[in-house]
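Q: Numbering (my numbering), first residue to last: 2 to 373.
Pasting a structure here, questions to come.
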Ligand SMILES: Cc1cc2nc3c(=O)[nH]c(=O)nc-3n(C[C@H](O)[C@H](O)[C@H](O)COP(=O)(O)O)c2cc1C
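Below is the structure:
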């Protein structure tokens, strides 16, 4: 299977299936000397972990990432970091009724056509569970970025057409998957609970929106032609299952606006160039512009629903399908940290690639080593 790796210098490869023994990631290119432990990765994994509330699948997984290599005495060694997440609660029998049928809205039909063989238990590599490996790898990238004062934060910003404020409590014990605190919003959680109740009664699912903010980025990250920062972020976001749209800054709304509205005026502040507004979302010409990086990522409704749907079997017989098993009624709550992880992977890579942009940077790096 091609396409399981991502990045140029800070590079991640993920492996494993949702109902196999384990899944995981290999992170290459992480500089030596970064303090890293399994406990540092746990809080990121916890935000994606299933079975925590009514917004996610009842599948209960510990989702602990074990570090198998690349760390010595609490610090990265510069060698590949292997992160392993064991599957401990896979109930493969739940998926037996899907062995010969294609789930509408899922990857089953395409996988069968492409490979001629398909792991029907949870979708194999196309399972949402594959994103656990991304979160573990993304945690390493985030820990590196934080060392440099760069912070990524993503939160669930809408379920269906119900907007959610950053940090709002949207259901008992379930903040909008955003680490920063904000007051509880009883009205939003009431509407969401009513919506979830309706989904349970009708066997349906609903779409969702995740917003990402990155602060502390220097201007000039990204490569100006094929590896534009926005191009690489778009690839990263669209590689997450169920992502169907993306806005960077004003995104598609820019097509409805005028130049005089859309341009962000530059001004000086404390001797630095800053922008008076941020319609660009922090990227101009494929390079970070020094402002806050803002993305909005749109997720479709979870394809696996228990409401009966028409489909076909692998032998071409039309049939009705009602999907049981454990599924997320809405994907965004668990995907916010996945969005954060993918952004962190792109940014960590862009930082390392960008170190060779100027001769003066290369000279100062090698002078420090060559001068006795
Ligand atoms: C965090 C996360 C959790 C997901 N959970 C489920 C799920 O429980 N059931 C399901 O059918 N799809 C789930 N998905 C979506 C499928 O992975 C995705 O729809 C499928 O691979 C088809 O790809 P596409 O929607 O991008 O076309 C999840 C996705 C993510 C990112």
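Using N, Cα and C, we set each Cβ at its ideal position, and we do this for glycine too.
Is it a yes or a no for the segment 250 to 266 touching the segment 352 to 362, going by three-plus beta-carbon pairs under 8 Å?
A: The segment 250 to 266 is not in contact with the segment 352 to 362.
Q: Going by the CB atoms, is the gap between residue 210 and residue 158 shorter than 8 Å?
A: Yes, these two residues count as a Cβ contact at 8 Å.
Q: Are the segment 329 to 348 and the segment 118 to 125 touching by the rule of at least three beta carbon pairs closer than 8 Å?
A: Touching, no.
Q: Three-state secondary structure (DSSP) at residue 269?
A: Note: residue 269 maps to strand in three-state DSSP.
Q: Is the number of C-beta pairs between the segment 338 to 347 and the segment 360 to 371 that are closer than 8 Å three or more?
A: Too few Cβ pairs lie closer than 8 Å, so no.
Q: With DSSP collapsed to three states, give me the class of residue 214.
A: If DSSP states are grouped into helix, strand and coil, residue 214 belongs with the strands.
Q: For residue 71 and residue 145, what's the separation of their Cα atoms in angstroms?
A: In a straight line, the C-alpha of residue 71 is about 14 Å away from that of residue 145.
Q: Roughly how many angstroms lie between the CA atoms of residue 112 and residue 139, to the nearest whole one?
A: Approximately 26 Å, taken between the alpha carbons.
Q: State yes or no: is the C-beta of residue 304 nearer than 7 Å to some heavy atom of ligand 1?
A: True, at least one ligand heavy atom lies under 7 Å from that Cβ.
Q: Check whether the Cβ of residue 301 sits closer than 7 Å to any heavy atom of ligand 1, and report yes or no.
A: Yes, Cβ of residue 301 sits closer than 7 Å to a heavy atom of ligand 1.
Q: So residue 84 packs on residue 25, CB below 8 Å; how close in whole Å?
A: At roughly 5 Å, the Cβ-Cβ gap stays under 8 Å, so residue 84 and residue 25 are in contact.
Q: As a quick exercise: from 312, 37, 307 and 66, pick the residue whose alpha carbon is nearest that of residue 76.
A: The shortest C-alpha separation from residue 76 is found at 37.
Q: Less than 7 Å separating the Cβ of residue 243 from some heavy atom of ligand 1?
A: Yes - ligand 1 has a heavy atom lying nearer than 7 Å to the Cβ of residue 243.
Q: How would you call residue 253, buried or exposed, if buried means at least 16 neighbouring beta carbons within 10 angstroms?
A: Under this definition residue 253 is an exposed residue.
Q: In angstroms with no decimal places, state the Cα-to-Cα distance between residue 192 and residue 163.
A: Rounded to the nearest angstrom, the two C-alpha atoms are 8 Å apart.
Q: Is the beta carbon of residue 189 sitting closer than 8 Å to the one on residue 302?
A: No, the pair does not count as a contact, with Cβ atoms beyond the cut-off.
Q: Using a 10 Å radius around the Cβ and a threshold of 16 neighbouring Cβ atoms, would you call residue 3 buried or exposed?
A: Label assigned to residue 3: exposed.
Q: Report the three-state DSSP secondary structure of residue 185 (helix, strand or coil).
A: Reliability fails at residue 185, whose pLDDT of 45 lies under 50, so the model's placement of it is uncertain and the value that follows must be treated cautiously. DSSP places residue 185 in coil when its eight states are reduced to three.
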